[in-house]
């Protein structure tokens with residue numbers, strides 16, 4: 013039996029209405045899990061694993077800013093911790109990794125994210141009080 017056009021429209025409309033709810037529920041669930049990222053390494057964990065966990069914990073703590081209601085300021089303040097986390101992770105792979113391509117990526121991340129942090133800190137000096 014072939015579905016009627018009306019059935020297809022109702023089904024499409026139902027999916028269109030349900031999708032945003034599903035995406036929102038997923039995002040909220042992801043954020044709940046994101047706030048509880050504290051992990052611990054097992055006793056036999058690689059040094060890089062222990063270092064990544066510590067860097068991840070520092071990054072999440074730094075991103076837990078007090079929101080001001082100013083979207084620009086809040087974004088920049090949160091991104092400083094996020095970028096520092098990327099730098100910290102890149103340094104870990106430089107200390108522990110072996111792949112030349114990954115090491116080059118890590119060096120590029122450090123250079124780019126350091127420059128962006130510098131820019132964001134300067135921007136905050138002139139814009140955060142506004």
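Numbering (my numbering), first residue to last: 13 to 142.
Ideal Cβ placement from N, Cα and C applies to all residues, glycine included.
Keep in mind it's a predicted model, so treat the numbers as computed, not measured.
Query, Result
"Cβ neighbours of residue 140 in the same chain (closer than 7 Å, five flanking residues each side left out)", "85"
"Contact under 7 Å by Cβ, residue 92 with residue 129", "yes"
"Close Cβ partners of residue 80 (< 7 Å) along its chain, the five nearest in sequence each way excluded", "86"
"At least three beta-carbon pairs within less than 8 Å, the segment 91–111 to the segment 61–75", "yes"
"For residue 131, the nearest candidate out of 116, 88, 99 (CA to CA)", "88"
"Identity of the residue in 116, 137, 108, 124 nearest residue 62 by Cα", "108"
"Contact under 7 Å by Cβ, residue 119 with residue 95", "no"
"Residue 90 beta carbon less than 7 Å from that of residue 77", "yes"
"The alpha helix (DSSP H) enclosing residue 65, as first and last residue numbers", "59–75"
"Three-state secondary structure (DSSP) of residue 109", "coil"
"Helix, strand or coil at residue 140 according to DSSP, with G and I counted as helix", "coil"
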